[in-house]
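Single-structure report; data block below.
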Amino acid sequence: MSIELLILLTLLLAPGPGPQQPKAETAPTAPQPESVTIRAQAAEVLVDAVVTDRRNRLVTTLKPEDFIVYEDGVEQRISSFRLASERPAAAKPEPSEPAPPAPEAPKPAPEASPPQFQNLTVLLLDYSTTQFQNQKLVQDAAVRYVNERLRPNDLMAVFVLGTSLRFLSDFTDDKETLLAALRSRDVTGSALAAERGSLSSGIAAARATRPAATTPAAGLSGPGAAASGASMGATGPGRAAAMMAARIEAQFIALQSALDQRMTRAVLTAIRAIAIGVGHIEGRKNLILFSQGFVVGEALEDQLQAVVDVANRARLAIYSIDARGLETRELSSDIVPKDELTALIDKPQRDRMAAVGGETVFDRALQVGRDMEESALRYVSNATGGFLIRNTNDLALGLDRVDEEMRGYYLLSYRPSNPGYDGRFRQIRVEVRQPGLSVRARTGYYAIPAGYEFLSPEEYQVLQAARAAGSTTPLFLRAGGFLHEENRYRVPVVLEVPARSIRFEKSGNIFIAKLQVVGLVRDAEGEMVSRFGGRLQYSASEAEYRMLLPGNVSVLNTLELGPGNYSVELAIKDTASGAAAFRREWLYLREHHPQLALSTVLLAKQVDKADGGAEQFLSVGGVKILPLAQCEYRNGENLIFYFDIYDPQLRADKKADVTVNLWLTRNGQRLKIGLPEYSLTDAAAGPVPHMTLARFVRLAGLDPGDYSLVVQVKDRLANRTEMAQAPFVVVE
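Numbering (the working numbering), first residue to last: 742 to 1473.
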């Protein structure tokens, strides 16, 4: 009997413009992705460069021949060049034959001024990392910038990141609107920064209370350790205090690490959202990030790289301003305080290896060096062509420099000599021929075409590898639509891979498999509207592994979409073997109308106990359905079906009169097999009245082949009938 591993990955996406009736079995009219024309702008690489002299003064007098651009060490031919200044100089016309003098001609009217260059700037006030007492420093600098530097042709938007990302002002050149947005301050957001500060103080206090002379030099293991612990009090209060302080410190470090990850994810997500939001606008954009910094540990390094890549693709230069202002360091009685790494080295071996809060001291040692909050700010700035301003109380002075650069940079473009999109990093280096000048530009880009902005470089490489591999690895995919409420559909996307096609690696007594799933949803125009998936890991004992082998590994993702034609693309890669597979399915979700309609009919073999008391999606009567993608059965197995009936007509007593008939077909012919009939009268209230039916049919006496379960629903009160079907296969 086959056993499926069900991994639930629920991703709620923004709904479309309206709800619709699902009919996954109907052949959709959505365009084939291969025929979709991806925007060609990615074929040309745009590079904005800031040039300074030895005194760090901007240089704005260079010509195209003064620049050299390299990609992966290969010189590229510059195809366009201009100085993005406040008033770009008009191109001089080519000289022609001299015209005869006309002294008597009237003086021509003065030429109209060339259009001003438009600056697009986003202010992101990161109050999640900024302590409340520093918010005024940020506020004053931003207000002064708007009052003194904002020009009529500039557009600025204001976002604030507190407990969530909030939009305070749309792009506008109206100073009063921007100033009103900047006057808001976020106490709740600063609570996170205050909490981290208190944790840091707690760590320092724990170290200060540990007597250095009584700190154990080495840890004990085995029976001696218990004896040592039992006699701790007898060895003196100094050692007891030291061990207590060490435990307090370990707890503080574990809490601080968790809080760091939470704050960092929020900042990175905000930057990524802004970059994607302005990516379609041509030219260079500027993000001024006010923040006290954030810590990027090993677990978040991939996310940091992905954010930098998205910003570079959007041509978004990030200027970071450390909101702490001028830092002062007090001398303690220790003259030179211990840094964290030194403190960690001083720990006994037993304490270094003990895991507290899921993190050993060795893990924490790897984190040291990444704990400098400004290092992440510096990296995202330098990698996107901006810079970091820190350790100054005059933040406005740094903003003046940012403003200079925004109005005096060069915009170069070239067509790469390597035109392929392989998802790999291409290094860019910009040089000038004149000595004594320095150039600052983004360091490179990932070769990913336009239209794939939601994917990281690694995910794009997985997608390309899976497309190239085709169907070498078996992969089954099924998607359906279930009307959730007005303008929303729940869309379960089920994928299955035979367990035998996945490489499980043995580690001790555990078998481990690692998969990477990349899913895309495109609309009728071929635009990406959603993505899902991620890294999956399954660990099984030897007994579980033996039971799993005859069956499939199954993954369920739940999306939310609006009405329309969609294509669902799925790529999966086995990390251990490198094997990959790709599948595409079509999904048509109709506009919702208040009349009898059916959802997709999902099939299953197994059920599980539903979590919680309230009815959940894909559950009924406290039982959760585990839907299938392959839908392969044997005689003697239960064919479980699940579907919704929408908008039945109701009597005055709120009761319906609905009958459901079932039959099986093979090759379009109805089989003479008696299946039960169901009568339904109770409809669930809500935005869309509906009934859920989940039953099973025990299969017997069927020859191997392709079949369909046909569902016929009749609303006797409305005198309407709807039908749906679900295909399945019977094997020996």
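Even glycine gets a Cβ: it sits at the ideal position worked out from N, Cα and C.
Treat the numbers as computed from the prediction; the structure is a model and nothing was measured.
Exposure label - residue i; buried when at least 16 CB within 10 Å
i, result
"residue 1183", "buried"
"residue 1302", "buried"
"residue 1138", "exposed"
"residue 808", "buried"
"residue 1396", "exposed"
"residue 1454", "buried"
"residue 1252", "buried"
"residue 1319", "exposed"
"residue 1388", "buried"
"residue 916", "exposed"
"residue 1097", "Its pLDDT being 38, under 50, residue 1097 is placed unreliably in this model, and the coordinates cannot settle the point."
"residue 1202", "buried"
"residue 1021", "exposed"
"residue 1414", "exposed"
"residue 1171", "buried"
"residue 1060", "buried"
"residue 1150", "buried"
"residue 1263", "buried"
"residue 1347", "buried"
"residue 1156", "exposed"
"residue 1147", "buried"
"residue 1464", "exposed"
"residue 875", "buried"
"residue 1467", "buried"
"residue 1175", "exposed"
"residue 1305", "buried"
"residue 1334", "exposed"
"residue 1280", "exposed"
"residue 1257", "buried"
"residue 1032", "buried"
"residue 1050", "buried"
"residue 1278", "exposed"
Under the three-state DSSP convention, the category residue i falls into
i, result
"residue 1395", "coil"
"residue 1188", "coil"
"residue 1158", "coil"
"residue 1146", "helix"
"residue 1055", "coil"
"residue 913", "strand"
"residue 1033", "coil"
"residue 1175", "coil"
"residue 859", "coil"
"residue 924", "coil"
"residue 1243", "coil"
"residue 1123", "helix"
"residue 1046", "helix"
"residue 1116", "helix"
Continuous alpha helix (DSSP H) stretch holding residue i: start and end
i, result
"residue 1198", "1198-1210"
"residue 886", "873-890"
C-beta atoms of residue i and residue j nearer than 8 angstroms
i, j, result
"residue 1369", "residue 1226", "no"
"residue 1367", "residue 1349", "yes"
"residue 1173", "residue 1029", "no"
"residue 1019", "residue 891", "no"
"residue 1016", "residue 1047", "no"
"residue 1384", "residue 1452", "yes"
"residue 1259", "residue 1328", "no"
"residue 925", "residue 906", "no"
"residue 1378", "residue 1440", "yes"
"residue 879", "residue 896", "no"
"residue 1293", "residue 1234", "no"
"residue 710", "residue 1330", "Here the chain covers residues 742 to 1473 and nothing more, so residue 710 does not appear."
"residue 1208", "residue 1323", "yes"
Span of the beta strand (DSSP E) around residue i
i, result
"residue 1255", "1251-1263"
"residue 1228", "Looking at the DSSP string, residue 1228 is not in any beta strand (DSSP E), and its letter there is neither H nor E."
"residue 1468", "1461-1471"
"residue 789", "786-793"
"residue 804", "Segment: none, residue 804 is in no beta strand (DSSP E) and carries neither H nor E."
"residue 1246", "1246-1248"
"residue 1449", "1446-1456"
"residue 1498", "Given that the chain is displayed from residue 742 to residue 1473, the structure contains no residue 1498 and the question cannot be resolved."
"residue 1273", "1269-1282"
Within the stretch 1287-1364, note down every full beta strand (DSSP E) run reaching 3 residues or more, in order along the chain.
1293-1302, 1305-1315, 1321-1330, 1343-1350
Runs of 3 residues minimum, wholly inside the stretch 1378-1442: which ones carry the beta strand (DSSP E) assignment?
Listed in chain order, the complete beta strand (DSSP E) runs (minimum 3 residues) inside the stretch 1378-1442 are 1379-1387, 1396-1407, 1419-1423, 1431-1439.
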